[in-house]
Structure formats: C-alpha cells, structure tokens
Amino acid sequence: MKLLVTGGAGFIGSAVVRQAIAGGHEVVNLDALTYAACLDNVASVADDPKYAFVKADIRDRAALDEAFADHKPDAVMHLAAESHVDRSIDAPGDFIETNITGTYNMLEAARGYWASMGNPDSFRFHHISTDEVFGSLPADPDIQFTEMTAYDPRSPYSASKAASDHLVRAWSETYGLPVVMTNCSNNYGPYHFPEKLVPVIILNALAGKPLPIYGDGSNIRDWLYVEDHAEALLVVLQKGELGRSYNIGGENERTNLELVQTLCSILDDIRPLAEGSYADLITYVADRPGHDARYAIDPKRISTELGWRPSVTVEEGLRRTVQWYLDNPDWWRALQNRDGVGTRLGVKA
Ligand SMILES: NC(=O)c1ccc[n+]([C@@H]2O[C@H](COP(=O)([O-])OP(=O)(O)OC[C@H]3O[C@@H](n4cnc5c(N)ncnc54)[C@H](O)[C@@H]3O)[C@@H](O)[C@H]2O)c1
Numbered sequence: 014m015k016l017l018v019t020g021g022a023g024f025i026g027s028a029v030v031r032q033a034i035a036g037g038h039e040v041v042n043l044d045a046l047t048y049a050a051c052l053d054n055v056a057s058v059a060d061d062p063k064y065a066f067v068k069a070d071i072r073d074r075a076a077l078d079e080a081f082a083d084h085k086p087d088a089v090m091h092l093a094a095e096s097h098v099d100r101s102i103d104a105p106g107d108f109i110e111t112n113i114t115g116t117y118n119m120l121e122a123a124r125g126y127w128a129s130m131g132n133p134d135s136f137r138f139h140h141i142s143t144d145e146v147f148g149s150l151p152a153d154p155d156i157q158f159t160e161m162t163a164y165d166p167r168s169p170y171s172a173s174k175a176a177s178d179h180l181v182r183a184w185s186e187t188y189g190l191p192v193v194m195t196n197c198s199n200n201y202g203p204y205h206f207p208e209k210l211v212p213v214i215i216l217n218a219l220a221g222k223p224l225p226i227y228g229d230g231s232n233i234r235d236w237l238y239v240e241d242h243a244e245a246l247l248v249v250l251q252k253g254e255l256g257r258s259y260n261i262g263g264e265n266e267r268t269n270l271e272l273v274q275t276l277c278s279i280l281d282d283i284r285p286l287a288e289g290s291y292a293d294l295i296t297y298v299a300d301r302p303g304h305d306a307r308y309a310i311d312p313k314r315i316s317t318e319l320g321w322r323p324s325v326t327v328e329e330g331l332r333r334t335v336q337w338y339l340d341n342p343d344w345w346r347a348l349q350n351r352d353g354v355g356t357r358l359g360v361k362a
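Be aware that the sequence shown starts at 14, since it is given in this note's numbering, and climbs by one per residue.
Spelled out as structure tokens, the structure:
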C-alpha cells in the first residue's frame, strides 16, 4: 500500500513510518517540521526508494491537494498534531488551528481526492487520536475507557483532539468517507521529544537535576511502548472495520510516581551513581491545572476483533528506552535547545 502519513517526523509518526517501510509499504511523510519534529527520527529509511518526504502544513489546504494529486496514496494515516498538554494551556490557538482546522483540511483534501479516484471502497482515512478525549477516570480499576465512553475532554489539547474526532465521524457518516479511528493511551519509547515526562526524567537524572513530579504523583496513566502503538495502528489500518474506532492501551497502569521510581531503579542498575539513588532527585512541583486523575483503556475490542495486544511490559519498555537515550546523546542534545524545552510550561491557569 502507499500510505500518506502526516506528522511522520514526530515521535509516533516516525515509528509508523519506520515500521511501514520495513513492512514493505510505500510511505509519503507529510510534515510541517514544527519544533516537535526531527528528520533524524526517519534517517534510517530516508534513502529507501519506498520513502518520500513532503514539507507541508496541514493548515494549508492547497498544499494538501497538491500532495494527494502528486502521490496518489491508497490510505492516509493522520497523526500530525500539536501534542503537548502543557503547551496547550499556554497557547491554545495553535491547537485549534492544527488539530481542528488542520484535520478539517485533511478530510476535505482526502474527500476531494477520493472522489477524483471514483470513491473506491479500498481507500482508508485513519485518524489517530488520544484517550484523553474521554476525560478523567475514578480510581476504581473496574472502570476503564471503552469505545462507548462519552467524550469529556478537559484540556485545550484533548478538546481539540475531541473536536477532530467528531469531524472525522461526521465525514464518515455524511460523505461516506472510508474512515477508521483509534484512541490511544500514553506512549513512551525511543525518539520521544525531550519535553515529555519519560525523557525529562531520564535526561534530568543523567544531568543530576531535580526530577519534577506534578502534584503528589498519584495521577495514573496506561503506558504503551511506541513500537507496539505503531504496530497496532498498521493492524487497524489494514483490518479495522470501516467507521469503527478502536481503543489502544498498554495494559500497564502506573502512577506517575511509580513510573519515575521505575526509571530511577533502571538507571541505578545501568548507570549507577557513585553514591545514593537517582530517586533522591525526585522533587514535587505545582500540579498542572485541570490535571486528569486517571486514564485506563479497556482493550477488549482491538484484542478480540483484530487479535492485537501489546508485546512489551512497561518495565521492559522503559529499560529499552533508558538504554536508547544513553546510546543516542547527539539526538537529544540537539533538541534540548529548542524553544520552551527544559522550562516549566502550562502553569498559568
Ligand atoms: N504521545 C502520546 O502519548 C499520544 C498518545 C495517543 C495519541 N497521540 C496522538 O498521536 C499523534 C502523534 O503524537 P506524537 O506524540 O508523535 O506528536 P509529536 O508532537 O511528537 O509529533 C507531531 C508531528 O506533527 C507535525 N505537525 C505539527 N503541526 C503540524 C502541521 N500544522 N502540519 C503538518 N505537520 C504538523 C510536527 O512537525 C511533528 O512532526 C497526535 O495526533 C497525538 O494526538 C499521542
């Protein structure tokens, strides 16, 4: 298949691009190269004849029409987005423009292209979204997000993603655009931009800096290794039922404090300090405004209907991730100079 992947120079998109190429697909990576992008993430496939790159902004409808006409994809995997909750608190307008208007442009460009091809049933528009659209769960482990959970977004980021999900459903129902949708839990792994929790903790620990825990660290997330997410996305694209959404989770619920403590014990093991533990650097800081208490995915639909389950436990995935950051200092050092990285964002409520 020829895939048009948006946001393929970001964290998850680049994992999708690398796996899709390895799986024999052709890939057109369309990305505006914002502060969050890094073309080194796809350096391993950049010279592959099955790979092409288009620098374009999803807010630019004409550029999208041109990309569809030039490359004639069989399917779209739409990942391009503003993705950092803390930045969405400080600058929500960027999230409205890219995540909502950008998705609208993608849908309209895809619809025009699909019509020009005679509306083939085989075309797919796969919209990649987050479990954050469902809001915040109570602690009861029997309550998880299913595909039927009502939307209840609580941050500018999750509200903009929720709006984009609604647009995609509307284009499926109203225009018959062949869509599939996924809502995934928190990812971690190699090439994670150094403003997100896992890389912040690893890199601060290596620099001997405080390890910031928002609030009391009791917020629970369902952690998924990024390579498992990319695999799940390719399964949904190829086997998912039209018009249907699939929740993707890691089956790995941890509090933020537990996650950071696990990272510290992995670092104590792989890169021991002369004395003490990295956990001694843990520091509690002001909570994020509106910080959701718990996210957890009920994985029944994707596991029973499509036979997909995550392959990596959080302990194993975090160990691989720590080792990757130790092995790739040139990658993260270059990104630490980018705007806003290393400073606390999202505290003005
Ligand atoms: N990171 C997570 O834990 C997580 C979990 C579930 C879902 N998601 C979703 O997965 C997708 C990818 O997330 P990520 O963590 O890889 O994000 P990221 O911030 O690492 O990458 C986003 C990519 O999109 C590109 N982009 C941003 N605005 C653009 C625009 N206007 N036009 C074209 N390209 C643009 C950026 O240049 C970047 O390469 C997002 O849609 C996000 O909502 C992320």
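Every residue gets a Cβ at the ideal spot worked out from N, C-alpha and C, and that includes glycine.
Note that the structure is predicted; figures quoted are calculated from it, not measured.
Pairing GLY263 with LEU237 gives a Cβ-Cβ distance under 9 Å. If you draw a 10 Å sphere on the C-beta of LEU17, you find 16 or more other C-beta atoms in it, and that means buried. The region 333 to 341 makes no contact with the region 174 to 185: fewer than 3 CB pairs, one atom from each, lie closer than 8 Å.
CA-CA distance, ASP155 to PRO166, rounds to 21 Å.
Around the Cβ of GLY36, a 10 Å sphere holds fewer than 16 other Cβ atoms; the residue is exposed. Taking each of ALA75, PHE66, TRP321 in turn and checking the Cα distance to TYR117, the smallest one comes out for ALA75.
With a cut-off of 8 Å, the C-beta of GLU110 is classified as near ligand 1, since at least one heavy atom of the ligand falls inside that distance.
With a cut-off of 8 Å on Cβ pairs, the region 73 to 92 is in contact with the region 135 to 146, counting three or more such pairs. Taking all protein chains shown into account, VAL40 has 16 or more neighbouring C-beta atoms within 10 Å of its C-beta and is therefore buried. Taking the Cβ of ASN200 as the reference point, at least one heavy atom of ligand 1 falls within a distance shorter than 8 Å. Annotation for ASP70 indicates a beta carbon within 8 Å of some heavy atom of ligand 1.
A contact between stretches requires three or more CB pairs, one per stretch, nearer than 8 Å, and the region 280 to 299 meets this requirement with the region 220 to 228.
In the DSSP secondary-structure assignment, ALA65 is bridged to VAL41. Inter-residue distance for HIS205 and TRP127 is about 33 Å (C-alpha atoms, whole angstroms).
Each of PHE81, MET14, SER173, ASP70 was checked against the Cα of GLY106, and the nearest Cα belongs to SER173. The alpha-carbon separation between LEU331 and THR275 amounts to approximately 8 Å. When secondary structure is reduced to three states using DSSP, MET119 falls in the helix class. If you look at VAL298, you'll find it in the beta strand (DSSP E) that goes 295 to 298. Within 8 Å of the C-beta of LEU46 there is at least one heavy atom belonging to ligand 1. Beta-bridge analysis with DSSP links ILE233 to THR268, ARG307. Residue side-chain check: ASN265 keeps its Cβ at 8 Å or more from all non-hydrogen atoms of ligand 1.
Look at ARG301 here: in three-state DSSP terms it is coil, with no helix or strand label. Rounded to whole angstroms, ALA94 and ASN112 show a C-alpha spacing of 5 Å.
Distance from the C-beta of ASP78 to the nearest heavy atom of ligand 1 is not below 8 Å.
With a cutoff of 8 Å, ASP144 counts as near ligand 1, since its C-beta is closer than that to a heavy atom of the ligand. Between the region 56 to 73 and the region 196 to 215, the count of C-beta pairs closer than 8 Å stays below three; the two stretches do not touch. For ALA152, the secondary structure class from DSSP, reduced to helix, strand or coil, is coil. Within its own chain, the residues whose Cβ lies closer than 8 Å to the Cβ of ASN232, once the five positions on either side in sequence are excluded, are THR268, ASN269, HIS304, ASP305, ALA306, ARG307, listed in chain order. When the five nearest sequence neighbours on each side are left out, the beta carbons in the same chain lying within less than 6 Å of the beta carbon of HIS38 are those of MET14, LEU16, in order along the chain. Fewer than three Cβ pairs drawn from the region 76 to 83 and the region 237 to 249 lie within less than 8 Å of each other, which leaves the two stretches out of contact.
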